[in-house]
Amino acid sequence: MQSSNAINYDYTIAKCFTVATIVLGIVGMLVGVIIAFQLAFPELSNLAGEYGTFGRLRPLHTDAVAFGFTASGIFATWYYVGQRVLKVSMAESKFLMFIGRLHFWIYILTVAAVVVSLLMGITTSKEYAEFEWPIDIAIVVLWVLWGVSIFGLIGIRRERVLYISVWYYIATFLGVAMLYLFNNMEVPTYFIAGMGKWYHSVSMYAGSNDAMVQWWYGHNAVAFVFTVPIIAMIYYFLPKESGQPIFSYKLSLLSFWGLMFVYLWAGGHHLLYSTVPDWVQTMGSIFSIILILPSWGSAINMLLTMKGEWGQLKENPLVKFYVLASTFYMLSTLEGPIQAIKSVNALAHFTDWIPGHVHDGTLGWVGFMIIGAIFHMAPRMFRREIYSKKLVEAQFWLQTTGIVMYFTSMWIAGITQGMMWRATDQYGNLAYSFIDTVEVLHPYWTLRAVGGLFFLIGVFMWAYNIYKTATSSRAIEKEPQYASPMA
Amino acid sequence: MFHWLEKNPFFFAVGVFLVIAYAGIVTILPDFMESARPLKGTKPYTTLQIAGRQVYINNSCNACHSQLIRPFKSETDRYGKYSLSGEYAYDRPFLWGSRRTGPDLHRVGNYRTTDWHENHMLDPAAVVPGSIMPKYGFMFKKSADLETAYAEAYTVKKVFNVPYDKPGMPKLGSYDEAKKAAYKEAGKIVAGMKNQDVKDAYKNGDIKEIVALIAYLNGLK
Amino acid sequence: MDMELIRSLQGWGYVAMIFGLTIGFYAYIYHLYKSQRDGTKDYEKYSNMALNDDLSDSLVEEKYPQDNKKDNEER
């Protein structure tokens, strides 16, 4: 037992990805706030010519938060949690350290290429899969590297059984790999025709088929980027920070398989009343509703983990982040199935209720979880106390206010616009022209943009707090076992 | 059996993969056995229209405009006949969109004109007071990329058997032929426009992005 | 293969999934709780993998029990 003191967990790669998480979080959410203000104040769209229009910036926002902030958050936590629950240090394998570094640098180069190409308008137009084929290849390479690092670390583990978080990381790896490959099947036109732009490609699928593949991907990208790996995080960070074992480990295993079985069948709910086969639509609806069960299984398991320990909520702001994240997870996994009911979807589809729903999940669940995870990792990676507890508290409340402003305004905006689109006068004619339904949204869009701004300010507070923690906070001698120390 | 899976990471991963791949195999794959069938009368895009479609995609117009009319009276009253699957048979990629920040465009060619688009793209709020759409003046300056458009048409013809050059279908031919045809098609649109720079450029053999975009939008019916 | 056959295969694939899911899932629940009750497997102890995750903490279950014995003797 004593001999293993010679080696320690090696957090080099985790630190690299932590920096990437913070920087890309700021970039992605800043762009998000800008485009939110553009909707409320359209003059802002014309400030930077073609590079500043809503259309150019919107994919940049979605991709920067999904594949920038969230993906690097997933990588950062993997390179931290993976070692710890498998009880093996990265430092024990030179090969894995090399793979980790390579993974990080290829990731950074890919991100740079994505930012430049999206601003230039180089896009395939498929949501969350906008990248042209050269970038797709780079993404495949870095994903394979991550796979090597996951299975490499598992190969040299000391712990015989894989902890539930590792299950979820493996599922993330496999799920995204499969989805990404199939949705991005495209033919580069230059190599067939010998002219035109070398990076241009055309989709392998046409029309309704393309739509089906895209939303099979789009829906499950949400599953395997915004849900599965985030559950991996909460199953580690909440028990560890609070010192409470998971309420029921068996329930966590059951919810895992439940989620895996059901999630992939629900993609059809993005295409209700469209031209894809009816049975695909109906099945999408039904499975979306069944999906409540495994989702709530995980969420309730997390909340019950805190049973009898709710006092910690008062003392430890990080626990607050995790508990609120689970609550938002419950909210959005209930809201999603409601929107997938056909008659509700008829109203909600194409309106702001949908981005509203996405943001409950991404800000409340994904955002809070990654922010909380990195707060937990910081004192252990840098061997220093968290710089300021007051700042963490202030950030928590500011961001919570922001999220509430965001989703309430979007709910009202979405339902208002949906009702106005279908409203008729006494003779059965449409009551409103399209522009009426846009003008009415101005106050809600303003409120939403301000809510987003609150969240962004919170991210800056987080970045500052982590920076100070890494550089000038009080050093700690021994690694804290449970609650993170903060000044 | 279950516990064996839990301590064998490789077979565990295989198991997870099978479970998540199964849904795709059953729901998605079979529909590719029959490729999307076009409706009678649905034609592939001309080179100029493809160039316009690429402008539409480059600027992510689909971030705010849908191209999918759902079968509700409120939608058919507003936008025209509801969309049919076959109408999208030549759409690679599909452009249904997911948020209608602006109105649906699937049949915009039925009720908007070249002249309307020209004014609107320059200053949307001047045509539709209260519009929040950005100004697209730069499309009057940038040239349409016919080469890439031709490359795309040629690729779909070769790889996916899109019926160019078949009887009653648009002619593609060699690049020079396609370029000539695009130039002729653009002439009709330029004739309906007021902007002098676009007209001058056209005389010099240069087709601006706005011309291609309008050709595409006018073709959406 | 004609489309009708594909559609019926699809239908059977779907039915198989429903049954497989139901049976597999309940079997798994039964397995989890039975092995807990019989004492063959204590699943709940695995949650300690997150709590005692220092390199110097004792393992919940050793990967190679024999090898580790050797290790321990060397120590």
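Protein chains in written order, with this note's numbering: chain A, 581 to 1067; chain B, 60 to 280; chain C, 698 to 772.
Where is the CB? At the ideal position from N, CA and C, for every residue including glycine.
With respect to H641/A, I679/A sits apart: the two C-beta atoms are not nearer than 8 Å. Here G251/B is near D174/B, since their CB atoms are less than 8 Å apart. Within the segment 122 to 141 of chain B, those residues whose Cβ lies closer than 7 Å to any Cβ of chain A are, in chain order, A122, C123, S125, L127, R129, P130, F131, S133, D136 and R137. Of the residues assessed, D716/A falls on the buried side of the cut-off, its CB having 16 or more other CB atoms within 10 angstroms. Along the segment 152 to 165 of chain B, going in chain order, the ones with a CB nearer than 9 Å to a CB of chain A are P152, F153, L154, W155, G156, S157, R158, R159, T160, G161, P162 and D163. With its beta carbon less than 8 Å from one in chain C, V85/B belongs to the interface. In this structure, the straight-line span from the alpha carbon of Q979/A to that of G1032/A is close to 9 Å. Counting other Cβ atoms within 10 Å of its Cβ, R151/B reaches 16 or more and is therefore classed as buried.
Here the C-alpha atom of M758/A lies approximately 49 Å from the C-alpha atom of D1005/A. Rounded to the nearest whole angstrom, the C-alpha separation of G916/A and S868/A is 8 Å.
For P768/A, there is no enclosing alpha helix (DSSP H); the residue is part of the beta strand (DSSP E) that begins and ends at E766 to P768. Not flagged as an interface residue toward chain C: Y147/B, since no C-beta distance is shorter than 8 Å.
The C-alpha of I810/A lies about 30 Å from the C-alpha of Y1024/A. Comparing C-alpha distances from S835/A to each of Y1012/A, V808/A, P857/A and V603/A shows the shortest one belongs to V808/A. Identification of chain C residues near E739/A by a Cβ-Cβ cut-off of 7 Å yields M746, L756, V757, E758 and K760, ordered along the chain. At least one CB of chain C lies nearer than 8 Å to the CB of F61/B. Contact note: Y723/C does not reach chain A at a C-beta cutoff of 7 Å; the least C-beta distance is about 10 Å. Looking from the CA of N745/C, the closest CA among S755/C, M700/C and Q733/C belongs to S755/C. Uninterrupted beta strand (DSSP E) stretches at least 3 residues long and entirely within the segment 822 to 897 of chain A do not occur.
Per the coordinates, the alpha-carbon of S729/A lies some 39 Å from the alpha-carbon of A773/A.
The Cβ of L1010/A sits closer than 8 Å to at least one Cβ of chain B. Rounded to the nearest whole angstrom, the C-alpha separation of F649/A and G605/A is 5 Å. The Cβ atoms of L127/B and H179/B lie no closer than 8 Å to each other.
Residue nearest to P935/A within the set P819/A, Y815/A and I983/A is I983/A (criterion: CA-CA distance). Using a Cβ-Cβ cut-off of 8 Å, K738/C counts as an interface residue toward chain B, since at least one Cβ of chain B sits closer than that to its own. Cα atoms of E236/B and Y770/A: separation of roughly 19 Å, rounded to the nearest angstrom. Under DSSP, E759/C takes part in a beta bridge, and its partners are E739/A. The segment 205 to 215 of chain B makes contact with the segment 104 to 115 of chain B, as at least three CB pairs between them are under 8 Å. Interface criterion not met: the Cβ of A240/B is under 8 Å from no Cβ in chain A. Distance from the CA of V73/B to the CA of L754/A, rounded to the nearest whole angstrom, comes to 9 Å.
In this structure, V694/A places its C-beta atom within 8 Å of the C-beta atom of F711/A.
Spanning the alpha carbons of P768/A and F1040/A requires a straight line of approximately 41 Å.
Annotation for L852/A: Q861, G864, S865, A920, K922, N925, A926 and H929 place their beta carbon closer than 8 Å to its own, counting only its chain and skipping 5 residues before and after. Per the C-alpha coordinates, the member of V215/B, D204/B and M228/B positioned closest to Y242/B is D204/B. Closer than 8 Å to the CB of I726/C there is at least one CB belonging to chain A. K201/B and E268/B do touch by the CB rule: their CB atoms are close to 5 Å apart, below 8 Å.
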